[in-house]
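Presented below is the structure to which this report refers.
There are 4 protein chains.
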Amino acid sequence: MKSFRDPVHNLIAFGEDDQLLIDLINTAEVQRLRRIRQLGLSNIVYPGAEHSRFVHSLGVAHLTRRFLDEDRAGEQTRGAYALREYRHLALAAALLHDIGHGPFSHALEAVTGIRHERFTSAMIRSKKTEVHQVLEAYASGFAEQVARLIEKDFPESRAIVKLLSSQLDMDRTDYLLRDALMTGAGYGTFDVEWLLHVMRIGEVQGEPEIGLDLARGQSIAEDYIMCRYYMYLHVYFHRLTRSAEVQVERTLARAAEVGADLPGFPAMRALLRGDLRMAEVNGVSAATAEWSVISDYLELDDHLLWSALRAFTRHEDPVLADLSQRLLNRHLFHSVDVHSMEEAERWLARMGRIAKKKGLPAASYVIFDQAGSQAYKDSYLGSDEHDPTFEQIYLFDASGNATELARQSFIVEAVKSRRASVSRVLFPREWLDEG
Amino acid sequence: MKSFRDPVHNLIAFGEDDQLLIDLINTAEVQRLRRIRQLGLSNIVYPGAEHSRFVHSLGVAHLTRRFLDEDRAGEQTRGAYALREYRHLALAAALLHDIGHGPFSHALEAVTGIRHERFTSAMIRSKKTEVHQVLEAYASGFAEQVARLIEKDFPESRAIVKLLSSQLDMDRTDYLLRDALMTGAGYGTFDVEWLLHVMRIGEVQGEPEIGLDLARGQSIAEDYIMCRYYMYLHVYFHRLTRSAEVQVERTLARAAEVGADLPGFPAMRALLRGDLRMAEVNGVSAATAEWSVISDYLELDDHLLWSALRAFTRHEDPVLADLSQRLLNRHLFHSVDVHSMEEAERWLARMGRIAKKKGLPAASYVIFDQAGSQAYKDSYLGSDEHDPTFEQIYLFDASGNATELARQSFIVEAVKSRRASVSRVLFPREWLDEG
Amino acid sequence: MKSFRDPVHNLIAFGEDDQLLIDLINTAEVQRLRRIRQLGLSNIVYPGAEHSRFVHSLGVAHLTRRFLDEDRAGEQTRGAYALREYRHLALAAALLHDIGHGPFSHALEAVTGIRHERFTSAMIRSKKTEVHQVLEAYASGFAEQVARLIEKDFPESRAIVKLLSSQLDMDRTDYLLRDALMTGAGYGTFDVEWLLHVMRIGEVQGEPEIGLDLARGQSIAEDYIMCRYYMYLHVYFHRLTRSAEVQVERTLARAAEVGADLPGFPAMRALLRGDLRMAEVNGVSAATAEWSVISDYLELDDHLLWSALRAFTRHEDPVLADLSQRLLNRHLFHSVDVHSMEEAERWLARMGRIAKKKGLPAASYVIFDQAGSQAYKDSYLGSDEHDPTFEQIYLFDASGNATELARQSFIVEAVKSRRASVSRVLFPREWLDEG
Amino acid sequence: MKSFRDPVHNLIAFGEDDQLLIDLINTAEVQRLRRIRQLGLSNIVYPGAEHSRFVHSLGVAHLTRRFLDEDRAGEQTRGAYALREYRHLALAAALLHDIGHGPFSHALEAVTGIRHERFTSAMIRSKKTEVHQVLEAYASGFAEQVARLIEKDFPESRAIVKLLSSQLDMDRTDYLLRDALMTGAGYGTFDVEWLLHVMRIGEVQGEPEIGLDLARGQSIAEDYIMCRYYMYLHVYFHRLTRSAEVQVERTLARAAEVGADLPGFPAMRALLRGDLRMAEVNGVSAATAEWSVISDYLELDDHLLWSALRAFTRHEDPVLADLSQRLLNRHLFHSVDVHSMEEAERWLARMGRIAKKKGLPAASYVIFDQAGSQAYKDSYLGSDEHDPTFEQIYLFDASGNATELARQSFIVEAVKSRRASVSRVLFPREWLDEG
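Protein chains in written order, with this note's numbering: chain C, 133 to 567; chain Z, 133 to 567; chain A, 133 to 567; chain G, 133 to 567.
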């Protein structure tokens, strides 16, 4: 029995049935998530947003268990049965779905060229991780099942995949509530008790599916979609957060370019030398991932990256030193919105001239940022490259017939066609007054 | 104009009148507080408690301004006048009162031998800090005034000292509310709106004093004292947090002993070599503090210490490597409560034998911890070494006569005589099964 | 000085400056609002929704004062000046805007044929009310000004009219927050701190206007519109609440028809005899309203109506007795949605036949209800019969230029064209199984 | 399946297993509780406190079900078994525990001379009530069991009695949270999630008992006791609420004295003629209670009493008319605290003289009030007339050994010996300036 107090869910308690979860929580790989902030660099704008991926992961496991344990009258469908059958699998996947995340999430992915999902899979499958060992001790072959479930490659049950990863899943439910509370931004709050109360397990084309009660669930689904929209607009795509993310990316790129190193931290060397990227070229799959790559990656956390930036302020390359200093003291790049390529190019040219005059590399100081084109995790707001059927939120009527939310809701219809994308040119604020 | 969203106060906005605060917030010394957790190692027990001293400092400035700007009908006393006179001073001191804090607060103080208050003073007085320069730009001699106010050496107004630092001050008000929310521990919540509403400015022996309305403020004062009592009992003195703090202290001590260093980080070397301690011997006062000491200290943050622990896991000294590994993976020492010196000595002897058998230094693995005897910041629960008149909470009746809360309240009387102290012996959990 | 504790705003305190408000609160007409529920019959569905119009009126005055007292940097516009000039007028109007409400608001209006606004005006202007006397004691002619302001006939300042009565006013702000909390329905919650923070006083076509900051206020305005939409959909138009409202209306109509009376309560007689309705024919204006009409109306409250229903359960007319019994024991009519006049007529005919067979008047038991066509107070969701310029929510950019929210926001555009109307046929549930 | 939204518990949902509860909720006797305010006249001070005994009763049933359904690892004790056996009994009793309450609770009891508990019992046992019929339809003899459980005459299980009625029961848990939220008083809030989490079923002297986990439950128990203490001090015993209660009592006494009646309301006549009191003389037991007494009593609700007061304002007895007017317009008696019988008598004599001079009955206008001596429902704060073992809160250690909270907690020890009693003399405020 292990209980946590939590600002979002108040009490998160795992009992005797959930010993597997408790054992997983105690692994080095899950404990590492304590050192990775959920919102990367957003705390630079929202000073309360210091929460870790660890507490988020606990929250997702908690919500998943609440959903699975809810007593839904009359739900004797195949889907409900399937979910009960896969209870431990779902809980393990809920807890572990983020273990591959590195510090400063998207900025780091831009440097390594590897999406964190690849590391999640590799950590679960690698025989050397504690997580793998705990899963296999629970049941032989269990690690492979968990990895496949997280990868959405789980034909045994689409419903359970969607519970963890779809437009309206337990992952998003936790992060919206948590990010809204911690940022204090007030936009992301919706009635999670009601949401869990009106969620349903139905069937679509003979397949078990997760959805909502048609009569009572449409408004909460709309509210949820709107919350997500606002959180993107105001928090995740915040102008200054994007500045910080872009600055981190360029600082690390510069560090790699000038061959910077941080003695005592082989992981940092691997990152900057591109060793992690090379691994990608060869494919980071369960079978082939070199343990050395995973073990280096496991050392990467917020502390190491911030410490590296601190050390780089004394680097002999003045560009690297300057870029690092700016991040530590929150001297963030100014950004101007541009509405056409011509406008972008005018700004890039103008600032490029200033950079040249100062003898500074434009690649480090003048950046064209298209946030919507980045690999953001959320696609409902725009188009979707994955299997689009995973993206549908179903509403079930009393007879079990399903309608898609966007067909039913003029609100969702209106939001769906919006792209929360931005095009900006970024550069040092003080350059505005020059040239 | 600058506004922050905050999970505790929702909106913290500083307007045109508060440009001084905005300038101070932008200094490197205040920005550094983003990298220092308010609760040091408590997040190891309460995973939500990741909030920084930066956001706490904003909260204290916000509450101080709310108190000062509250329109108190009929408060035409000298005290009220004095507070208005010192408005900017009070706000600056509220924001800066914690800038001297280092990472892992008390554990670090045990290593440096210097209390963080000394660094706060030194930073404010040192001509080279940005904070000093902003204060002096506002008014000549202002830095000295702010420093004296924080040091409680401000005979110009006892009331304003007490507003910032007394049994019921804006500092504690913010940290209780914030720590309660972030830990999720639920004990520290009290009605801050009512508290601000019933606070009064009165006089005691001809001196302006801060207090509460007698008729309407006693219960909220009691509730506040009880909240503080529970937060000490359950959060600040939590058994596992104390284990982590003690482990950090012994790990750093061991690192110093074996001459460990972290290349690229002169601050770490200064810390482990005792250079910061030596500074203390010579007195860190405004006049004499070496800039090098301050500038090294300014680099110490949570990131650096956690990164150092990571590097030390590979140190050639197996004791240092082991101690560091335990912290990173949350393998915390077990602790047993002891109720007499005899009992303590029995445990120390038994565990000392196991250490010896294993060839390990008992100083690093077997620890006698008396939390109450530590330099904890709160003294109302026990006795007080400072000027006891600063420790009194006054209740003012309609005629302005003051009574001390503890004389009026049987609850406070009951709590006051309690010491929330603990005596424990700590050692590795797995040793319980041996010897 | 008078302070109230409130579940919505926590502390509502009126100080020395607001003695006028305190005097108004103590009048019989304002105290009467304690006996009128804000949500009429909604508590029959949402059992927590028992809050009175009294506490709502305090809330509106509180929000108005917060808006007026907010220190808006740089707002030196004529509008800001006008608002400060009319401070006491705005506060009095905010407190008194609802004093004309009767019990079971819309159901009663259907019986009296008089909208509550008429009584509000009459009470403020009638020399015999305490409210009038307090207002005139404050300043001669003040009552007339307050009445005109509430009637939106206040050319001196459109801005102040809009602060109290427009799409985004302090009235709606309080009732949405309050109704959402009390019903527990969770849809109506928005961030009121942020809303007040981003509200602005600007100018449109040379006229002072209330609006929001363009850059920071659009999302909160959308959120507010959405909250209102959901509250209508789920709370105000709730199927069973409408049943209860319709049943009350038909029960009172039947009581009038059979000449029912309630000895000891002249107001009840006046209501049922249509004396209040006749007054309307002759015009309830400031000048002509008979004091006897107002004084009868002042006795109408929730208690009297519920007591009358109780007494009517023993009336010799079995229809009246039955209708009254159904309301007291919450035996609410069933309702079926109809999507065409043909469908409505089929149901009306079918249920009419059952009524006939039972010898019961169809007028009392079979009702065609078109909620959207009722005089609901909110028009933004549909079309508007009043001056449409009062209905516009402005967004002001940094230079003070105004845009209308619906032109700027695709969300509001989408909601605006929706009518939250319903067409239903209502009848006793048990009749479903017959004929 | 029936679900309610609730400001306190958010969602209260009764599912298929709880059809008995749903049927009981639909009875006339439970629906009547919608018309009785939980806090009687407290809304006269706390304008938000309009909540009904109906919503409180739902809350108690909800908490009881949460407690019973909580999965407590390893609780295989007899007590846990007993609780599961009596699940439906406990839930029915939880819902029905207050159905005997009349309007203005204690004021009415002073007039009828009958405690509401007697009516609760009589209603459950009387064959004519809907509640009785629903209970007997569930199981023969069930009504008698429910009545005995509520009367604490249930030797089958002390534990289940204590769950519903003891120092720390589900009734108090709901009303403290609810009254604190609705009054806005902020004192009664404690962490109910944690409370339910640390509650235990143990054994004391071979008997199953309800209690708390020793290691984790002491602080929450203390917090709960403190909340109760403050709610008594500030809300339940509020000076002005007591004035209103005393005024209601004297007004009804005067009405009885002058033979006032309210045509159309036989219940009012029965109340004022003392018919309900006479019934008490003959004993209101299950067997003997006249249906006419119960049926009259069932008509008494807040609406009827307020309407009677309205009608009495026109009564020919000027004293009754004046007393009624004062209540409706919130002209509450002034009260002075007295600290000795001499002081009381001085005030009584002085005000008696004024009454005499005015030709008014002192019995109606000058009152000596000793609130602590009233039959308040809570005894932990003072001494207890009932079986004192019902009053103990047990803490269970890991081995199941029980300690009483007051022996363990210095806080509870300190509060326990306090009597929240008051002695006051009440009279019309304007008399202060006379005589």
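From the three backbone atoms N, C-alpha and C, an ideal C-beta is built for every residue, glycine too.
Within a Cβ cutoff of 8 Å, which residues of the same chain sit near residue i, ignoring the five residues on either side of it in sequence?
{"i": "Glu377(C)", "result": "Gly172, Leu173, Phe236, His238 and Ala239"}
{"i": "Met358(G)", "result": "Ile543 and Val547"}
When the Cα of residue i is compared with those of the options, which residue comes out closest?
{"i": "Ile157(G)", "options": "Ile176(A), Leu153(A), Pro139(A) and Val140(A)", "result": "Ile176(A)"}
{"i": "Asp138(A)", "options": "Arg164(A), Tyr178(A), Val187(A) and Phe146(A)", "result": "Val187(A)"}
{"i": "Asp434(A)", "options": "Ser424(A), Ser467(A), Gly234(A) and Leu313(A)", "result": "Gly234(A)"}
{"i": "Arg568(C)", "options": "Leu267(C), Leu195(C), Leu452(C) and Lys260(C)", "result": "Residue 568(C) is absent from the model: chain C starts at 133 and stops at 567."}
{"i": "Val554(A)", "options": "Leu436(A), Leu372(A) and Val451(A)", "result": "Leu372(A)"}
{"i": "Asp355(Z)", "options": "Arg446(Z), Glu335(Z) and Thr321(Z)", "result": "Thr321(Z)"}
{"i": "Lys488(C)", "options": "Tyr526(C), Trp563(C) and Arg462(C)", "result": "Trp563(C)"}
{"i": "Gln299(A)", "options": "Ala353(A), Phe559(A) and Asn461(A)", "result": "Ala353(A)"}
{"i": "Arg197(A)", "options": "Val278(A), Gln277(A), Leu296(A) and Val390(A)", "result": "Leu296(A)"}
{"i": "Trp326(C)", "options": "Leu143(G), Asp323(G) and Gln524(G)", "result": "Leu143(G)"}
I'd like the list of long-range same chain contacts for residue i, defined as Cβ closer than 7 Å, with 5 residues on each side in sequence excluded.
{"i": "Ser289(G)", "result": "Ala214, Tyr218 and Pro340"}
{"i": "Ala193(A)", "result": "Leu153, Leu223, Ala226 and Leu227"}
{"i": "His248(C)", "result": "Gly232, His233, Gly234, Ser237 and Glu241"}
{"i": "Glu202(A)", "result": "Leu328"}
For residue i and residue j, what's the separation of their Cα atoms in angstroms?
{"i": "Ser496(G)", "j": "Gln379(G)", "result": "8 Å"}
{"i": "Val425(C)", "j": "Leu384(C)", "result": "18 Å"}
{"i": "Gln265(G)", "j": "Lys294(G)", "result": "26 Å"}
{"i": "Tyr178(Z)", "j": "His370(Z)", "result": "10 Å"}
{"i": "Ser184(Z)", "j": "Ser253(Z)", "result": "20 Å"}
{"i": "Gly343(G)", "j": "Ile333(G)", "result": "6 Å"}
{"i": "Asp155(G)", "j": "Tyr368(Z)", "result": "50 Å"}
{"i": "Phe286(G)", "j": "Gln277(G)", "result": "8 Å"}
Can you find the residues in the same chain that come closer than 6 Å, C-beta to C-beta, to residue i, ignoring five residues on each side of it along the sequence?
{"i": "Arg382(C)", "result": "Ser496"}
{"i": "Arg401(Z)", "result": "Asp393"}
{"i": "Tyr508(C)", "result": "Unreliable placement is indicated for Tyr508(C), whose pLDDT of 36 sits below 50; no coordinate value is reported for it."}
{"i": "Glu431(C)", "result": "Ala399"}
{"i": "Ala212(A)", "result": "Ile333"}
Query raised in the report: Between the segment 238-257 of chain A and the segment 392-411 of chain A, are three or more C-beta pairs nearer than 8 Å?
Result: When Cβ pairs closer than 8 Å are counted between the two stretches, the segment 238-257 of chain A is seen to touch the segment 392-411 of chain A, the count reaching three or more.
Query raised in the report: Which parts of the segment 441-491 of chain G are runs of the beta strand (DSSP E), unbroken and 3 residues or longer, counting only runs that do not cross its ends?
Result: Counting only runs of at least 3 residues, the segment 441-491 of chain G fully encloses the following beta strand (DSSP E) elements, listed from N- to C-terminal order: 466-469.
Query raised in the report: With contact counted as at least three CB pairs below 8 Å, one residue from each stretch, are the segment 160-168 of chain Z and the segment 535-547 of chain C in contact?
Result: They do not touch, by the three-pair rule.
Query raised in the report: Of all the alpha helix (DSSP H) runs that stay within the bounds of the segment 267-312 of chain Z, which reach a length of 4 or more residues?
Result: Fully enclosed alpha helix (DSSP H) runs of 4 or longer: 274-282 and 290-296.
Requested in this report: Only counting runs of 4 or more residues, tell me where the alpha helix (DSSP H) segments fall wholly within the segment 142-222 of chain A, in order along the chain.
Outcome: Complete alpha helix (DSSP H) runs here, min 4: 151-157, 160-164, 185-201 and 210-217.
Requested in this report: May I ask you to verify whether the segment 441-452 of chain A touches the segment 478-486 of chain A, counting CB pairs closer than 8 Å and requiring at least 3?
Outcome: Fewer than three Cβ pairs drawn from the segment 441-452 of chain A and the segment 478-486 of chain A lie within less than 8 Å of each other, which leaves the two stretches out of contact.
Query raised in the report: Between the segment 355-367 of chain C and the segment 304-324 of chain C, do at least 3 Cβ pairs fall closer than 8 Å?
Result: Enough Cβ pairs lie closer than 8 Å, so yes.
Query - Within the segment 353-399 of chain C, ranges of the beta strand (DSSP E) (whole runs, at least 3 residues) - result: Taken in chain order, the whole beta strand (DSSP E) runs of length 3 or more contained in the segment 353-399 of chain C number zero.
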